[in-house]
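Basically the numbering used here = 1-based index in the sequence shown + 1.
A virtual CB, placed ideally from N, CA and C, is assigned to each residue, including glycine.
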Amino acid sequence: MDVMGDKVTLFETGRFVQASDPEEPSGPEVLGGETREEAGTAADEVAEEARRRLDAEAGDVEAMSVLGAMLLRRGDLDGAEPHLRAATAAGDRAAANNLGVLLHQRGYAEEAAGWWRIAAVAGSAAAAHALGRHHRERGDEPAAEYWLRQSAEQGHVLGAYALADLLEHRADAGAERWMRVAAERGHREAAYRLARALDRRAAQDQDGDNGAGGAQEAEQWYRQAAARGHRRAALHLGAILEKRGELKEAGRWYLTSAKDGEARAACALGFLLRDAGDTESAAVWWLRAAQDGDGNAANALGALHAERGETQTAERWYRAAMDAGDVNGAYNLGLLCAEQGRTPQAEQWYRRAAYAGHREAANALAILLLQGGDTTGAEPWFSKAAEAGSVDAAFNLGILYAGRDLETEALRWYERAAAAGHTEAALQVGIARLRAGDEQEAERHLRCAAGGGSAEAAYRLATVLDARRPPPPEHELGESAVHEKTECEEWYERAADQGHRRAQVRVGMLAAARGDVVEAARWYRTAAEAGSRNGAFNLGLLLAREGSEPEAAVWWTRAADAGHGRAALRLALVYARRGELAEGQRWADRAVALGPAEVAERAARLRDALREELSA
């Protein structure tokens, strides 16, 4: 047990003056009112001690008590004990408390408790605090609570904190009141613990007014504790500020905490510096945190060296993270080995992390097994990862079951992943709902997927909306009215901008319908160059209408070679008009083979006509 009591000044009236830092271990009570800081110089202290010694030898009880406290504070237990015993025998309660401190330091806990009891009964709050801690250490909580409450109710800040700690241990509702009392009187650990309690409560009530108010109050107490040098409070304050976007102030508190030895703050500061582009400074703080046993910092260093191609150094830091108890170290080792093509080692590290409960490692292991053809081995790891909350694993399970034609099971996992925000899973649910005829639910999922960046979802959503829209109104002269872009056109364009070829063709068609030939040609060409046979065919049609049949034939040839029957028929007609009957017959044969039915029928008639012409 640390030195007990309190660094206070006891005047003859019995009034106590609180020391400058109430969180320091309790020390001796002294009479007379002069502290070491007030004495100023070593010479003054020597003179003061000499004066007190003369007064004590003359029988002055106050001088005996103060001299004993001075010697006790200095660590001169042998010199202090006789003076404290003499003052205690004369009825000085501060001396009784300090004698208890001295005896406790010597290892005589029970005798110390006896003197603390005498001082506490005489009204010493510091002694009551010390006695309460003594009883708590021996498991006598009722006695501990009694004496700590006596100390706290007399205004002793350490007594209030110790009482709050005891009550909190018992889940007593009164704990917060005393923690708040200690915090309000400057106890930094109490301020930190009060902030933590308020923080947890606010997290549980995020949507309520109490949650917001509690979070604000928690921040205030973190700030008070941090200002008094509490490094964990500075860490939490930095995290709050970083989350709010106040990065400069967050960095200052992280730095304060890190300099005081908080490894997590050094790690957080490293990430803040990295995000600001200062990788070298980030590495310095990560190194400091990693050397202090922070696994997250070791992983960050590993990732940094991996990015630089320094795989051996990266592996060393990942192993350090693993040795520090951070399961991400094993997972990152698996990733590193997989990137290097060291599949057996990757599987080994993934398994280690997965068995330790790392859900993404379980998913990665399942993918590795699946790639190796071990579907049976992959499934339980996908399930384990998905049940642990891995969204990717839930999606992968959907793919696995869909591959086995177990559509109901596949949809269940797709829906689970979609509910967690997985874009591709939402697309699959949307497609499944479309097949089932549930257009409203399909639209909801397609909107989610399209909003998440899926070009295919944007295209499918556009087709759903396109099917609903009424035909454009007509002018009196029969020309289509100019209209603003509809929502379905906007989704087509979003998909087209993302490189979706069918969407690009559709945007081109809509532009052509509006009479915007240039825009239509641009989108058809974009789709065609990306490999769209419909895009190439439509571009050919547009060019032919504009009088550029030779160029049109080039795009129709590309489309026909890719299996477009109508393009082959167009080519057959072009060559027939040119008088190149054999080439026309060849493309007509191709159109018959490609279809569809109406194209094949027309192409067959053309082919027969060309054949007759050639044989004539």
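Assignment of alpha helix (DSSP H) within the region 171 to 223, counting only whole runs of 4 or more residues, yields 176 to 185 and 189 to 205 in chain order.
Take the alpha-carbon of residue 233 and the one of residue 316: they are about 30 Å apart. Under the three-state reduction of DSSP, residue 56 is assigned to helix. In this structure, DSSP gives residue 407 a state outside helix and strand, which the three-state scheme calls coil. Secondary structure of residue 135 (DSSP, three-state): helix. Ranking 76, 427, 442 and 464 by CA distance to the CA of residue 453 puts 427 first. Across the structure, residue 122 and residue 159 are spaced so that their CA atoms are roughly 18 Å apart. Residue 424: member of the alpha helix (DSSP H) spanning 424 to 436, first to last residue.
Assigned with DSSP and collapsed to three states, residue 312 falls in helix. Residue 383 sits away from residue 425, with the two beta carbons spaced by 8 Å or more. Per DSSP, residue 487 lies in no alpha helix (DSSP H) and is assigned neither H nor E. In the same chain as residue 601, and ignoring 5 residues on each side of it, the C-beta atoms closer than 6 Å to its own belong to 593, in chain order. When only Cα atoms are considered, residue 220 and residue 272 end up about 22 Å apart.
Closest by C-alpha distance to residue 513, out of 539, 139, 244 and 533, is 539. Around the beta carbon of residue 527, 16 or more other beta carbons sit within 10 angstroms, so the residue counts as buried. Exposed is the label assigned to residue 92, since fewer than 16 other Cβ atoms lie within 10 Å of its Cβ.
The beta carbons of residue 236 and residue 189 sit no closer together than 8 Å.
Counted as a single uninterrupted DSSP element, the alpha helix (DSSP H) harbouring residue 232 occupies residues 232 to 244. DSSP places residue 93 in the coil class of the three-state scheme, outside both helix and strand.
Counting along the chain, residue 145 sits inside the alpha helix (DSSP H) bounded by residues 142 to 154.
For residue 63, the closest of 552, 77 and 90 by C-alpha to C-alpha distance is 90.
Closest by C-alpha distance to residue 195, out of 205, 213, 169 and 206, is 169.
Annotated as distal: residue 466 and residue 458, with beta-carbon spacing of 8 Å or more. Across the structure, residue 107 and residue 101 are spaced so that their CA atoms are roughly 10 Å apart. Where residue 471 is concerned, there is no enclosing alpha helix (DSSP H), because DSSP gives it neither an H nor an E. For residue 137, same chain residues with a beta-carbon under 7 Å away, outside a window of 5 residues either side, are 145 and 167 in chain order.
For residue 324, the number of other beta carbons within 10 angstroms of its own is below 16, and it is reported as exposed. The beta carbons of residue 430 and residue 415 sit closer together than 8 Å. Around the Cβ of residue 334, a 10 Å sphere holds 16 or more other Cβ atoms; the residue is buried. For residue 345, the uninterrupted alpha helix (DSSP H) run begins and ends at 344 to 356, by DSSP. Taking 8 Å as the cut-off, the beta carbon of residue 367 is found no closer than this to the beta carbon of residue 354. Shown here, residue 229 sits in coil according to DSSP, grouped into three states, outside any helix or strand.
Taking 8 Å as the cut-off, the beta carbon of residue 489 is found no closer than this to the beta carbon of residue 522. In summary, residue 45 is exposed, with fewer than 16 beta-carbon neighbours lying within 10 Å of its beta-carbon over all protein chains present.
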